[in-house]
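S.K.: Residue numbering for the sequence shown is 86 to 136, as defined by my numbering. The structure's right below; bear with me while I get my questions together.
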Amino acid sequence: MTGIPLIITFVISIVIMILAISKFKVHPFLAIMGIALLLAIVVGIPLVDIA
């Protein structure tokens, strides 16, 4: 995934992270790690490279 779809996906993930931290009171470290993992999966990075 490249270009505009990647930027849109990144912005959506930032919004989800802010909502998770502020509204749902998720610890910031867990929110960042979860969003980073989900973003990597959505973008299409192979799971072998993620772990």
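Glycine is no exception: its CB is placed at the ideal position from the N, C-alpha and C atoms. Keep in mind the model is a prediction, meaning the values are calculated, not measured.
Does DSSP put Val111 in a helix, a strand or coil?
M.R.: coil
S.K.: Please look up how many angstroms separate the CB atoms of Val111 and Ala105, rounded, as I've assumed it's under 8 Å.
M.R.: In this structure Val111 touches Ala105 by the C-beta definition: roughly 4 Å separates them, less than 8 Å.
S.K.: Over what stretch of residues does the alpha helix (DSSP H) that includes Ile130 continue unbroken?
M.R.: Where Ile130 is concerned, there is no enclosing alpha helix (DSSP H), given that its DSSP letter is neither H nor E.
S.K.: Please state whether the Cβ-Cβ distance between Leu124 and Ile135 is less than 8 Å.
M.R.: Taking 8 Å as the cut-off, the beta carbon of Leu124 is found no closer than this to the beta carbon of Ile135.
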